[in-house]
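Peer 1:
Residue numbers (this note's numbering): 310 to 957.
1. Less than 8 Å separating the beta-carbons of residue 744 and residue 784?
2. Is it right to say residue 261 is buried, meaning 16 or more other beta carbons lie within 10 angstroms of its own, or is it exposed?
3. Helix, strand or coil: how does DSSP classify residue 650 here?
4. From residue 323 to residue 446, what does the alpha carbon distance come to, in whole angstroms?
5. Determine, using beta carbons only, whether residue 580 and residue 508 come nearer to each other than 8 Å.
6. Please classify residue 885: is it buried, with 16 or more other beta-carbons within 10 angstroms of its beta-carbon, or exposed?
7. In three-state terms, what does DSSP make of residue 540?
8. Over what stretch of residues does the alpha helix (DSSP H) that includes residue 893 continue unbroken?
9. In the DSSP assignment, find the alpha helix (DSSP H) that holds residue 368 and state where it starts and stops.
10. By how many angstroms is the C-alpha of residue 829 removed from the C-alpha of residue 915?
11. Taking residue 945 as the reference, which of 919, 366, 428 has the closest Cα?
12. Answer with buried or exposed for residue 638, where buried requires no fewer than 16 other C-beta atoms within 10 angstroms of its C-beta.
13. Confirm, please, whether the CB-CB distance from residue 788 to residue 395 is below 8 Å.
14. Helix, strand or coil: how does DSSP classify residue 677 here?
15. Which residues does DSSP pair with residue 513 in a beta bridge?
16. From this set, 575, 487, 725, 902, which residue's C-alpha is nearest residue 962's C-alpha?
17. Taking 8 Å as the CB-CB cut-off, is residue 736 touching chain C?
18. Using the C-alpha atoms, what's the distance from residue 526 back to residue 667?
19. Work out the CA separation of residue 811 and residue 958 for me, nearest whole Å.
20. Is residue 431 near residue 702, with beta carbons less than 8 Å apart?
21. What does DSSP give as the partner residue(s) for residue 782 in the beta ladder?
22. From the DSSP output, which residues share a beta bridge with residue 754?
23. May I ask you to report which of helix, strand or coil DSSP gives residue 397?
24. How many Å lie between residue 344 and residue 350 at the Cα?
25. Once you ignore the five residues that flank residue 450 on each side, which residues in its own chain have a CB closer than 7 Å to its CB?
26. Given residue 817, which residues of its chain have a CB within under 7 Å of its CB, disregarding the five upstream and five downstream residues?
27. Please report the distance separating the alpha-carbon of residue 556 from that of residue 822.
28. Could you check where the beta strand (DSSP E) with residue 812 kicks off and where it finishes?
29. Under the DSSP definition of a beta bridge, which residues are partnered with residue 719?
30. Let me know if residue 467 comes out buried or exposed under the rule of 16 or more other beta-carbons within 10 Å of its beta-carbon.
31. Tell me the rounded alpha-carbon separation between residue 310 and residue 388.
32. Over what stretch of residues does the beta strand (DSSP E) that includes residue 571 continue unbroken?
33. At what residue ranges does the segment 316-341 contain a whole run of the alpha helix (DSSP H), taking only runs of 4 or more?
34. In terms of residues, what are the limits of the beta strand (DSSP E) holding residue 940?
35. Spatial neighbours of residue 815 within its chain, please: CB distance less than 6 Å, with the 5 preceding and 5 following residues excluded, ordered by chain position.
36. Quick one: Cα of residue 756 to Cα of residue 922, how far?
Next comes the structure, spelled out in structure tokens:
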């Protein structure tokens, strides 16, 4: 079970399929590929999504339970690990396919649920209330009363081009990828395109970098290709350092060979014979999946010397990064790759002229690279017809926060921001949407009345909104914008490389100001409030200095979340400064706790737990909180079994 492929499979693909990539396959080979795509099977197959997000949800325990079920019942079935469908809140997801039947999915399958689900599914019975969806098919029988995957609200408005294999194929099997059309774009590129024509095709497609900058990918490549040198390098930036962003990570864990194919084509385009994948050290499963994919690509002759007899050679090396946010900036990343401290360099010269080892270097992020195979396979016009006039293709977003369903989605450029909220199921019940935050520590919070703006680099930029790499946090009324701004500034302060004074000192001072207004003042004298207000007034001036004088994008964009919050949620800042209150109840030092005497039974539990002895009273009689002693920790509220403790 769970073996990616046998020696016989390898021989078939190496001798029959790969030599005929991007050409019409003989009928017997095409027929055999049906079985590799699981369209025609002779025994049951059980699929389970194994990714970082599903492992957190208990997928490995579910996997073991399925394996034990198969062994104990002596069932002749295959158990296959797949990637993530992006439905993180529905994981672990288990799918079952019987011979002649459509593949059907089940949500939130715990180890205890395995026997009942498999007992029914393997005996041709599925309860429609436990089934999530089924896959459409023209040659397989559909299950009654089970919706198709494209009818599910989560998938209905998506355009899953980059994610079409995610959660469907085994990410640890190159054969699964090739059987679904993988590496055909590489074969076409090496046989039909010159380096210059690849750059031209990508430039005409309108592909722009998905790392946040939105610069033309084809133009970037051409600059590196035309710079006179005897050596060039290509780097895949898989560091993904924005808090809450996990698109690149899940994409690699679900479809690593798509990234490998994109890297090979990209390296060919700039005439580079050495490529690196820069990835965070703690992303163990992500690294493991990529290492497996690279090894298999070498094994099948798709990496190394003279790829597909084209005369082009390429070696790919994985480099684990030190988990520094600043290393997401390309010049800092290159310095880290060279074994130096990750610190940004002044531009120009740009890495396309002087990069790794002082040679022309192109750095693209994972999602940008993932688009390359489809563009080369289908043509520039095909890609240019997707999206808007100035932003082509699709965009992947990871959505989390105060949301009903944490997820990863892919939508066409031009969809509204409100679509992202809709795909994630909106905020949790009994809550009100407050804003969505795009772009991480360098992004902004967008209010509901601003969410009709289309997902487009230029449209968003014109309204002061940064798309970033695609991390989205949904915010409801339980989120304090002062506290959120303080969190981002604390993050920037800690992640600053310290090279330039405006970023190093500016981020620290901005954090101090925000921390000051989210704490209870030391005294009630009037000048104390004045000092707090004066600090906020200086924030804007300080922000402008940081933007104009910081060395890299980290410091230049660091003030953006705060400035937008001041503009859209000024009342919350004023409430913190003048009223010394946090209506969301998040800023602990501004909370004033009190005990409802009608509900208090005098059990003494809260008084015993209070760390400052701020709760006084007589047993069996109502207790009281001494406000001057209370530090707002909330232990009393957590301890009280009678819901008698409140805060205002």
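Yeah, the Cβ is synthetic: ideal placement off N, Cα and C, and Gly gets one too. Small disclaimer: the values here were computed from a predicted structure and weren't measured.
Peer 2: Quick answer:
1. Walking along the chain shown from the start, residue 744 turns up at place 435. Walking along the chain shown from the start, residue 784 turns up at place 475. For residue 744 and residue 784, yes; Cβs fall inside 8 Å.
2. Here the chain comprises residues numbered 310 to 957, so residue 261 is not present and cannot be evaluated.
3. For the purposes of this step, residue 650 is taken as the residue at position 341 of the chain shown. DSSP places residue 650 in coil when its eight states are reduced to three.
4. In the chain shown, the residue the question calls residue 323 occupies position 14. In the chain shown, the residue the question calls residue 446 occupies position 137. Going from the Cα of residue 323 to the Cα of residue 446 covers about 29 Å.
5. For this step, residue 580 is matched to residue 271 along the chain shown. For this step, residue 508 is matched to residue 199 along the chain shown. No, they are not a contact pair.
6. As a working note, residue 885 is residue 576 in the chain shown. So residue 885 counts as buried.
7. Taking the first residue of the chain shown as 1, we reach residue 540 at position 231. In this structure, residue 540 counts as coil in the three-state DSSP scheme.
8. Numbered from its first residue, the chain shown carries residue 893 at position 584. Where residue 893 is concerned, there is no enclosing alpha helix (DSSP H), given that its DSSP letter is neither H nor E.
9. Taking the chain shown and counting its residues from 1, the one referred to as residue 368 is at position 59. From DSSP, the alpha helix (DSSP H) with residue 368 extends over 368-381.
10. On the chain shown, residue 915 is found 606 positions in, with the first residue counted as 1. On the chain shown, residue 829 is found 520 positions in, with the first residue counted as 1. One C-alpha to the other measures close to 22 Å.
11. Counting from 1 along the chain shown, the entry for residue 945 is found at position 636. Comparing Cα-Cα distances from residue 945 to each of 919, 366, 428, the minimum goes to 919.
12. Position 329 of the chain shown, counted from the start, is the residue given in the question as residue 638. Residue 638 should be labelled buried.
13. What you label residue 395 is simply residue 86 of the chain shown in a count that begins at 1. What you label residue 788 is simply residue 479 of the chain shown in a count that begins at 1. No, Cβ-Cβ distance for residue 395 and residue 788 is not below 8 Å.
14. Position 368 of the chain shown, counted from the first residue, corresponds to residue 677. In the structure shown, residue 677 sits in a helix (DSSP, three-state: H, G or I).
15. Residue mapping note: residue 513 aligns to position 204 of the chain shown, counting from 1. BP columns for residue 513 are empty, so no partner.
16. There is simply no residue 962 to check, as the chain begins at 310 and stops at 957 in what is shown.
17. The structure shown contains no chain C, having only a single protein chain.
18. For the purposes of this step, residue 667 is taken as the residue at position 358 of the chain shown. For the purposes of this step, residue 526 is taken as the residue at position 217 of the chain shown. Whole-angstrom Cα-Cα distance: 21 Å.
19. Past the boundaries of the shown model lies residue 958; the chain is included only from 310 to 957, so the question cannot be answered.
20. Reading the chain shown from its first residue, position 122 is the one you call residue 431. Reading the chain shown from its first residue, position 393 is the one you call residue 702. Going by beta carbons, residue 431 and residue 702 fall outside the 8 Å limit.
21. Within the chain shown, the letter at position 473 stands for residue 782. Looking at the DSSP output, residue 782 bridges to 709, 746.
22. The sequence position of residue 754 within the chain shown is 445, counting from 1. Residue 754 is bridged to 746.
23. For the purposes of this step, residue 397 is identified with residue 88 of the chain shown, where counting begins at 1. DSSP places residue 397 in helix when its eight states are reduced to three.
24. Stepping through the chain shown from its first residue, residue 344 is reached at position 35. Stepping through the chain shown from its first residue, residue 350 is reached at position 41. Roughly 6 Å between the two C-alpha positions.
25. Taking the chain shown and counting its residues from 1, one reaches residue 450 at position 141. The answer, listed in chain order, is 409, 410, 411.
26. For this step, residue 817 is matched to residue 508 along the chain shown. The answer, listed in chain order, is 802.
27. Here residue 556 refers to the residue found at position 247 when the chain shown is read from its first residue. Here residue 822 refers to the residue found at position 513 when the chain shown is read from its first residue. One C-alpha to the other measures close to 33 Å.
28. Counting from one through the chain shown, the residue named residue 812 turns up at place 503. Note, residue 812: premise wrong, no beta strand (DSSP E); alpha helix (DSSP H) at 810-826.
29. On the chain shown, residue 719 is found 410 positions in, with the first residue counted as 1. Answer by DSSP bridge pairing, in chain order: 705.
30. Locating residue 467 in the chain shown gives position 158, counting from the first residue. Per the 10 Å Cβ criterion, buried.
31. Indexing the chain shown from 1 puts residue 310 at position 1. Indexing the chain shown from 1 puts residue 388 at position 79. In this predicted model, residue 310 has a pLDDT of only 43, less than 50, meaning its place in the structure is not dependable enough to derive any value.
32. Working through the chain shown from its first residue, we reach residue 571 at position 262. Where residue 571 is concerned, there is no enclosing beta strand (DSSP E), although the alpha helix (DSSP H) it sits in stretches over 565-578.
33. Within the segment 316-341, the complete alpha helix (DSSP H) runs of at least 4 residues are 316-321.
34. For the purposes of this step, residue 940 is taken as the residue at position 631 of the chain shown. First-last for residue 940: undefined, no H or E at that position.
35. On the chain shown, position 506 is the one that residue 815 refers to. Within the same chain, Cβ atoms closer than 6 Å to the Cβ of residue 815 are found at 851, 855, the five residues on either side in sequence being excluded.
36. Numbered from its first residue, the chain shown carries residue 756 at position 447. Numbered from its first residue, the chain shown carries residue 922 at position 613. Residue 756 and residue 922: Cα-Cα distance of roughly 42 Å.
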